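K.L.:
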Amino acid sequence: MNVLTYGEIMEGGASVFHCVVREDAGSLFVIFSGVVRVDNPARHLSELLAELRQLLPGRTIDRTVIDFTELEFCNSNGFYIIMDIIELVYAATTGPVLVRRLEEDDWQQETLPILLNLDEAAVAERTSFEDVGEI
Amino acid sequence: MSESPPATRLGVTVTVAPLGDVRGNIATLLGQSLHDLLTMFYPPAVGKKANVAVTELIQNVIQNALDADSTLGLDLRVDDEGLVVRVRNKATPAQYEAVRARVDALAASDAPKHLFTETLRKRRADRLKGGLGLMRLVAENRFRLAVSYEQEHLTMQAAFPLRGTP
Numbered sequence: 011m012n013v014l015t016y017g018e019i020m021e022g023g024a025s026v027f028h029c030v031v032r033e034d035a036g037s038l039f040v041i042f043s044g045v046v047r048v049d050n051p052a053r054h055l056s057e058l059l060a061e062l063r064q065l066l067p068g069r070t071i072d073r074t075v076i077d078f079t080e081l082e083f084c085n086s087n088g089f090y091i092i093m094d095i096i097e098l099v100y101a102a103t104t105g106p107v108l109v110r111r112l113e114e115d116d117w118q119q120e121t122l123p124i125l126l127n128l129d130e131a132a133v134a135e136r137t138s139f140e141d142v143g144e145i
Numbered sequence: 498m499s500e501s502p503p504a505t506r507l508g509v510t511v512t513v514a515p516l517g518d519v520r521g522n523i524a525t526l527l528g529q530s531l532h533d534l535l536t537m538f539y540p541p542a543v544g545k546k547a548n549v550a551v552t553e554l555i556q557n558v559i560q561n562a563l564d565a566d567s568t569l570g571l572d573l574r575v576d577d578e579g580l581v582v583r584v585r586n587k588a589t590p591a592q593y594e595a596v597r598a599r600v601d602a603l604a605a606s607d608a609p610k611h612l613f614t615e616t617l618r619k620r621r622a623d624r625l626k627g628g629l630g631l632m633r634l635v636a637e638n639r640f641r642l643a644v645s646y647e648q649e650h651l652t653m654q655a656a657f658p659l660r661g662t663p
């Protein structure tokens, strides 16, 4: 398992959000965890976006897994940066995308499909969901 | 068949004055604290809804506050009828009208999710800050919103019925 890049949000001296992008035998894993609550998350994650723009194109990726099950909270200020990351991943890959999300979470059930841009047929065709119950 | 016992009644009122004294992310602090408190008595989904409502409404106040000497008021009530979050802050008549227009547009829409989607895309294209919190409360969390204005203070209310919540 190769960690390609990593971004985090620090708040009050503590790391509160992580996005880890890993690659393993042709599979790409994008894992979100923690909470997005800061006023301007894009400021914290601009380097991650820049690295993704450099690292992903040209890479052989057969399938992608985007995992939100460890993302506990996302305020509305976080919507754009989540969309930016997702958009980059979809644009730089061609295979199927499995989205892992929490079964009982309004944000992940209602708003996440909007952020994924599922209205677009090309995106919808590549996307499947795995709903995960919280322990 | 026996009726289930009434749910715990919970009420929390927080007042902060002057608003200019706020250091750090008070929206987060209040949202997460109330989430933790509510999940002691209610299903996690209720705590999550309260967290989203408190975080978004307080964040709106902090981002749009014009008077550092003013007061922020938060009132949260929950019983077996429903969850009600009210946030009160000093606002201009123009700010009230802008908020009321958004609330009215959401109330008039028979497809708030579509309105939310369109607004999100337009605002993202211009990287506009804010403007999504209230829509999220309706489209994502099924809150009913109401806004009132009295003596230079705006009160935003988000209510969610709990009858039938597992």
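Chains A and B, in that order, give the protein sequences. If you use the numbering used here, the first sequence corresponds to residues 11 to 145, in order. If you use the numbering used here, the second sequence corresponds to residues 498 to 663, in order. Note that the Cβ used here is the ideal one computed from N, Cα and C, for glycine as well. Just so you know, these numbers come straight off a predicted model, no measurement behind them.
#1: Does the beta carbon of Ser499/B come closer than 8 Å to any beta carbon on chain A?
#2: Just to make sure I have the definition right: I need the residues of chain B whose C-beta is within less than 7 Å of the C-beta of Arg93/A. Which are they?
#3: Determine the DSSP secondary structure at Gly44/A, reduced to helix, strand or coil.
#4: To the nearest angstrom, report how far apart Arg110/A and Phe42/A are at their CA atoms.
#5: What does Asn586/B reach in chain A if we use C-beta pairs closer than 7 Å?
#6: Using a Cβ-Cβ cut-off of 6 Å (strictly less than) and excluding sequence neighbours within five positions of Asn714/B, which residues of its own chain qualify?
#7: Give a yes or no on whether 8 Å exceeds the smallest Cβ distance from Ala602/B to chain A.
#8: Could you tell me the distance, in whole angstroms, from the CA atom of Gly105/A to the CA atom of Ala131/A?
#9: Please state if the CB of Leu55/A and the CB of Ile91/A are separated by a distance shorter than 8 Å.
#10: Do Glu113/A and Gly143/A come within 8 Å of each other at the CB atom, strictly closer than that value?
#11: Do Ala604/B and Thr568/B have their CB atoms nearer than 8 Å?
#12: Consider the Cβ of Gly630/B: report whether some Cβ of chain A lies at a distance smaller than 8 Å.
#13: When you check each C-beta in the stretch 531 to 544 of chain B against every C-beta of chain A, which residues fall closer than 8 Å?
#14: Any idea if Glu637/B is buried or exposed, counting beta-carbon neighbours within 10 angstroms, 16 or more meaning buried?
#15: Does the separation of the CB atoms of Val511/B and Leu526/B fall below 8 Å?
#16: Please state whether DSSP places Gln677/B in a helix, a strand or coil.
#17: Let me check understanding here. Comparing Cα to Cα, which of Pro541/B, Val575/B and Leu580/B lies closest to Asp115/A?
#18: Please list the segments of the alpha helix (DSSP H) lying wholly inside the stretch 64 to 134 of chain A, counting only runs of 4 or more residues, in order along the chain.
#19: Could you give the DSSP three-state label for Glu647/B: helix, strand or coil?
#20: When Cβ atoms are compared, which residues of the stretch 39 to 70 of chain A fall closer than 9 Å to chain B?
#21: Distance, Cα to Cα, Asp49/A vs Gly22/A?
#22: Quick one: list the residues of chain B neighbouring Ile124/A, beta-carbon separation under 8 Å, in chain order.
#23: Alpha carbon to alpha carbon, what distance is there between Leu659/B and Met498/B?
#24: Kindly list, in the order they appear in chain A, the residues whose Cβ is closer than 9 Å to that of Arg624/B.
#25: Given a threshold of 16 other Cβ atoms within 10 Å of its Cβ, counted over all protein chains shown, does His611/B qualify as buried or as exposed?
#26: Mind checking if Thr510/B is an interface residue toward chain A, Cβ cutoff 8 Å exclusive?
#27: Taking 8 Å as the threshold (beta carbon to beta carbon), is Ser86/A in contact with chain B?
#28: Take Lys546/B and list the residues in its own chain whose beta-carbon comes closer than 7 Å to its own, dropping the five residues that flank it on each side.
#29: Val31/A and Leu14/A look like a contact to me (Cβ under 8 Å); what is the Cβ gap, rounded to whole Å?
#30: If the cut is a Cβ gap below 8 Å, which residues of chain A does Asn548/B touch?
#31: What would DSSP say about Met498/B, mapped onto helix, strand or coil?
#32: How would you call Val596/B, buried or exposed, if buried means at least 16 neighbouring beta carbons within 10 angstroms?
P.N.:
Once the coordinates are examined:
#1: What you label residue 499/B is simply residue 2 of the second sequence in a count that begins at 1. For Ser499/B, the pLDDT reaches just 49, beneath the cut-off of 50, and the residue's location in the model is therefore unreliable, although a value from the coordinates is still provided. Closer than 8 Å: no.
#2: Residue numbering aside, residue 93/A sits at position 83 when the first sequence is read from its first letter. Residue identity check: residue 93/A is Met in the sequence provided, not Arg. Chain B residues near Met93/A: Arg621.
#3: For the purposes of this step, residue 44/A is taken as residue 34 along the first sequence, with counting starting at 1. Note: Gly44/A maps to strand in three-state DSSP.
#4: Counting from one through the first sequence, the residue named residue 110/A turns up at place 100. Counting from one through the first sequence, the residue named residue 42/A turns up at place 32. The alpha-carbon atoms of Arg110/A and Phe42/A are separated by roughly 10 Å.
#5: On the second sequence, position 89 is the one that residue 586/B refers to. Under the 7 Å cutoff, chain A gives no residues; its nearest Cβ is about 17 Å from Asn586/B.
#6: With chain B represented from 498 up to 663, any question about residue 714/B goes unanswered, as that position is not in the structure.
#7: Within the second sequence, residue 602/B is the residue found at index 105, counting from 1. No, its Cβ sits nowhere closer than 8 Å to a Cβ of chain A.
#8: Indexing the first sequence from 1 puts residue 105/A at position 95. Indexing the first sequence from 1 puts residue 131/A at position 121. If I take the Cα positions, the gap works out to 14 Å.
#9: Locating residue 91/A in the first sequence gives position 81, where the first residue counts as 1. Locating residue 55/A in the first sequence gives position 45, where the first residue counts as 1. Their beta carbons are under 8 Å apart, which means Ile91/A touches Leu55/A by this criterion.
#10: The residue given as residue 143/A occupies position 133 in the first sequence. The residue given as residue 113/A occupies position 103 in the first sequence. For Gly143/A and Glu113/A, yes; Cβs fall inside 8 Å.
#11: As a working note, residue 604/B is residue 107 in the second sequence. As a working note, residue 568/B is residue 71 in the second sequence. No.
#12: Residue numbering aside, residue 630/B sits at position 133 when the second sequence is read from its first letter. Yes - at least one Cβ of chain A is within 8 Å of the one on Gly630/B.
#13: Pro541 and Ala542
#14: Within the second sequence, residue 637/B is the residue found at index 140, counting from 1. Counting the other Cβ atoms within 10 Å of the Cβ of Glu637/B gives 16 or more, which makes it buried.
#15: Sequence index remark: in the second sequence, residue 511/B carries index 14 (1-based). Sequence index remark: in the second sequence, residue 526/B carries index 29 (1-based). Not closer than 8 Å, so no.
#16: With chain B represented from 498 up to 663, any question about residue 677/B goes unanswered, as that position is not in the structure.
#17: Start at 1 with the first residue of the first sequence, and residue 115/A comes out as number 105. Nearest C-alpha to Asp115/A: Pro541/B.
#18: 89 to 102 and 122 to 125
#19: Position 150 of the second sequence, counted from the first residue, corresponds to residue 647/B. Strand.
#20: Val45, Arg47, Val48, Asp49, Asn50 and Ala52
#21: Here residue 49/A refers to the residue found at position 39 of the first sequence. Here residue 22/A refers to the residue found at position 12 of the first sequence. If I take the Cα positions, the gap works out to 13 Å.
#22: The residue you call residue 124/A lines up with position 114 of the first sequence. Those are Lys610, Phe613, Thr614 and Leu617, listed as they occur along chain B.
#23: On the second sequence, position 1 is the one that residue 498/B refers to. On the second sequence, position 162 is the one that residue 659/B refers to. Bear in mind that the predicted position of Met498/B carries a pLDDT of just 46, short of 50, making it unreliable; the figure below should be weighed with that in mind. Looking at the two C-alpha atoms, the distance is approximately 21 Å.
#24: Taking the second sequence and counting its residues from 1, the one referred to as residue 624/B is at position 127. Within 9 Å Cβ-Cβ: Ala52 and Tyr90.
#25: By one-based count along the second sequence, residue 611/B stands at place 114. Classification of His611/B: exposed, given that the 10 Å Cβ count is below 16.
#26: Within the second sequence, numbered from 1, the residue matching residue 510/B stands at position 13. Look at Thr510/B: its C-beta is not under 8 Å from any C-beta on chain A.
#27: Reading the first sequence from its first residue, position 76 is the one you call residue 86/A. Yes, Ser86/A lies at the interface with chain B (some Cβ there is under 8 Å from its Cβ).
#28: The residue you call residue 546/B lines up with position 49 of the second sequence. For Lys546/B, where only same-chain residues beyond five positions count, the Cβ hits under 7 Å are Leu580, Asn638 and Phe657.
#29: Locating residue 31/A in the first sequence gives position 21, where the first residue counts as 1. Locating residue 14/A in the first sequence gives position 4, where the first residue counts as 1. That pair is a contact at about 5 Å.
#30: On the second sequence, position 51 is the one that residue 548/B refers to. The contacting residues are Phe83.
#31: One-based indexing of the second sequence puts residue 498/B at position 1. Note on Met498/B: pLDDT 46, under 50, position unreliable in the model; no value is reported.
#32: Residue mapping note: residue 596/B aligns to position 99 of the second sequence, counting from 1. It is buried - the Cβ of Val596/B has at least 16 other Cβ atoms within 10 Å.
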